[in-house]
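These notes are about the structure you will find just below.
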Ligand SMILES: [Zn+2]
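In this note's numbering, the protein residues as written are 425 to 538.
Right, here's the structure in full:
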């Protein structure tokens, strides 16, 4: 549970960073740390914005709420916390990611990847 709170803060922090970088939405750090800027407020802004990174981070929050966060979507294995802190939107374990990268590389060599 404490781990979920920590990872939620990491995900929200990445969301704020992304909003600031992409849309210059200056979310104040202090209110966020104090917990006065809610996910609902973020959602209100995000309702008008859509991009891949935002979708990844929002999906990560959904997975956290549904208890599937940190589980590889391919092999159902656990994704290490250290990896999730580095990339909170990670959905594949390192093994599956390498397998995917390998198959994409093969597809590129065959010319079947667009
Ligand atoms: Zn996996």
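Virtual Cβ for every residue (Gly too), placed ideally from N, Cα, C.
Note on geometry: alpha-carbon atoms of residue 497 and residue 447 lie some 30 Å from one another. The Cβ neighbour count for residue 430, taken over all protein chains shown within 10 Å, is under 16; the residue is labelled exposed.
Relative to ligand 1, even the nearest heavy atom lies 7 Å or more away from the CB of residue 491.
Following the DSSP letters along the chain, one finds residue 526 inside the alpha helix (DSSP H) bounded by residues 518 to 534.
One alpha carbon belongs to residue 489, the other to residue 507, and they sit about 19 Å apart.
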